[in-house]
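First comes the structure, then the notes that go with it.
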Amino acid sequence: MSIYTALLLSLTLLIPHVSFAKSTSTVKAPAPLVKQLKIITLGEGQIHDSFRLPARIELDQQHVARIGATVTGRITQTNTVLGQEVAKGAQLATLNSNELAEAQSAYLKTSSQTHLRQLAVDRAERLLDNGVIATANLQERKAALEESQVDLHTAADHLRALGMSNADLSQLSKTKLIHSILPITASIQGTIVERKVTVGQVVQPADALFTVADLAHVWIVAELPEQQASWAHKGDAAEINIPALPETHLTGTLNYVADMIDPNTRTVTVRVELPNPERNLKPNMLANLLIKKQGVQELILPDTAVIRINEKDHVFREIGADEFELIPVELGARHDKVLPIISGLKSGDKIVTEGSFHLNSELQSKKTD
Numbered sequence: 024m025s026i027y028t029a030l031l032l033s034l035t036l037l038i039p040h041v042s043f044a045k046s047t048s049t050v051k052a053p054a055p056l057v058k059q060l061k062i063i064t065l066g067e068g069q070i071h072d073s074f075r076l077p078a079r080i081e082l083d084q085q086h087v088a089r090i091g092a093t094v095t096g097r098i099t100q101t102n103t104v105l106g107q108e109v110a111k112g113a114q115l116a117t118l119n120s121n122e123l124a125e126a127q128s129a130y131l132k133t134s135s136q137t138h139l140r141q142l143a144v145d146r147a148e149r150l151l152d153n154g155v156i157a158t159a160n161l162q163e164r165k166a167a168l169e170e171s172q173v174d175l176h177t178a179a180d181h182l183r184a185l186g187m188s189n190a191d192l193s194q195l196s197k198t199k200l201i202h203s204i205l206p207i208t209a210s211i212q213g214t215i216v217e218r219k220v221t222v223g224q225v226v227q228p229a230d231a232l233f234t235v236a237d238l239a240h241v242w243i244v245a246e247l248p249e250q251q252a253s254w255a256h257k258g259d260a261a262e263i264n265i266p267a268l269p270e271t272h273l274t275g276t277l278n279y280v281a282d283m284i285d286p287n288t289r290t291v292t293v294r295v296e297l298p299n300p301e302r303n304l305k306p307n308m309l310a311n312l313l314i315k316k317q318g319v320q321e322l323i324l325p326d327t328a329v330i331r332i333n334e335k336d337h338v339f340r341e342i343g344a345d346e347f348e349l350i351p352v353e354l355g356a357r358h359d360k361v362l363p364i365i366s367g368l369k370s371g372d373k374i375v376t377e378g379s380f381h382l383n384s385e386l387q388s389k390k391t392d
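In terms of the numbering used here, the sequence shown has 390 at position 367, counting the first letter as 1, and numbering is strictly consecutive.
The following block contains the structure:
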């Protein structure tokens with residue numbers, strides 16, 4: 024044995040035996056537990072900024088008509104009930120109006136006067152050709168005719184404003200019979216959602232007797248606080264949840280953001296227009312409106328992967344075959360069940376997203392052994 028070998032052997036005998044244990048933050052998962060684990064590879068995703076608001080369902084005001092009488096009168100008949108579907112032009116009720124009768128009478132008198140003055144002008148033209156009257160006399164009669172024609176046009180316009188059509192005017196001129204009965208008709212196709220009329224009721228043109236709405240379209244309306252007024256813009260994506268319809272999840276975009284603050288509520292009105300072919304969305308239902316904005320690409324993590332230990336966030340990272348390491352991480356605010364990763368992980372890391380609790384129990388039991 025050489026002197027160097029003997030020296031090395033003596034040093035080895037003097038140094039105490041040292042064993043290196045694995046880190047206390049790593050754990051080997053037993054086979055039954057491995058089957059319960061779900062592992063993903065981290066990658067980048069898009070985080071959406073979002074803002075949740077209480078909302079309500081309203082009638083689409085672009086598909087609503089409030090229908091009343093065009094003339095003062097008494098209701099003599101009603102033809103519809105609340106909730107009834109009506110076509111455009113359908114007769115909803117009828118009324119008897121003295122005002123309408125007086126207007127028709129004035130029209131017929133003016134029409135008769137215009138006809139007589141036309142005859143007078145025709146006769147004056149013949150007399151002028153024969154040298155019987157002067158030109159000034161003809162001009163005077165023409166002026167009277169023009170005045171009568173203006174009055175006739177005014178009377179006809181008045182009757183149209185009271186609800187008579189051109190066909191009704193032609194019939195009136197032909198028969199000379201005055202009708203004081205006027206129908207109240209639907210101006211759009213839809214459902215009668217409001218009815219404020221009874222037989223015998225005297226109504227005015229300012230009274231809204233029926234409201235007809237096309238319920239195949241509705242609005243989702245919410246109020247955005249003044250402090251976030253600059254946050255929402257037309258075209259932002261939105262999700263709608265209806266508590267009364269828990270199975271229904273709808274999406275749309277903001278098609279209206281008010282340009283003014285409501286001085287009473289200090290809010291900005293925002294709106295989403297939605298189709299409603301099945302009539303499941305009923306006006307005045309409560310809703311929740313989630314306004315979403317496109318975000319930037321970030322490294323993200325499902326919230327199910329995180330376990331809280333000593334007031335800090337941790338995850339299990341796979342470091343080998345069925346072997347995992349518990350590591351602390353710094354995370355951002357939660358968005359739709361995912362969290363942005365600030366530090367502690369990198370793209371490509373394999374992370375346990377389901378079964379972390381059981382894996383942590385295994386780790387703790389190992390520490391106590």
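Backbone N, C-alpha and C fix where the C-beta goes; we use that ideal spot for every residue, glycine too.
- The closest CA to that of LEU273, considering only ASN311, ALA179, ALA229, GLU170, is found on ASN311.
- Of the residues assessed, PRO266 falls on the exposed side of the cut-off, its CB having fewer than 16 other CB atoms within 10 angstroms.
- LEU349 and ARG340 have their C-alpha atoms spaced approximately 6 Å apart.
- Proximity to ASN287 across GLU321, GLU301, ILE314, GLU249 peaks at GLU249, based on C-alpha coordinates.
- Here ALA261 carries a strand assignment [DSSP, helix/strand/coil].
- It is roughly 11 Å from the alpha-carbon of LYS111 to the alpha-carbon of ASP237.
- For ASP336, the enclosing beta strand (DSSP E) has its first and last residue at 335 to 343.
- When C-alpha distances from ILE314 are compared across ALA78, HIS176, GLN84, the shortest belongs to ALA78.
- The criterion of a C-beta distance shorter than 8 Å is satisfied by LEU362 and ASP326.
- When Cβ pairs closer than 8 Å are counted between the two stretches, the region 125 to 136 is seen to touch the region 167 to 179, the count reaching three or more.
- Going by C-alpha positions, SER253 is about 20 Å away from GLY275.
- Counting every other CB atom within 10 Å of its CB across the protein chains shown gives ASP259 a total of 16 or more, marking it as buried.
- Between GLN227 and THR99 the beta-carbon gap is near 16 Å, outside 8 Å, which marks them as no contact.
- One alpha carbon belongs to LEU82, the other to HIS358, and they sit about 32 Å apart.
- Annotation for GLN172: the continuous alpha helix (DSSP H) segment containing it runs 158 to 184.
- A contact between stretches requires three or more CB pairs, one per stretch, nearer than 8 Å, and the region 189 to 201 fails this requirement with the region 44 to 58.
- Per DSSP, reduced to three states, the secondary structure at ARG97 is strand.
- Collapsing the DSSP output to three states places LEU386 in a helix.
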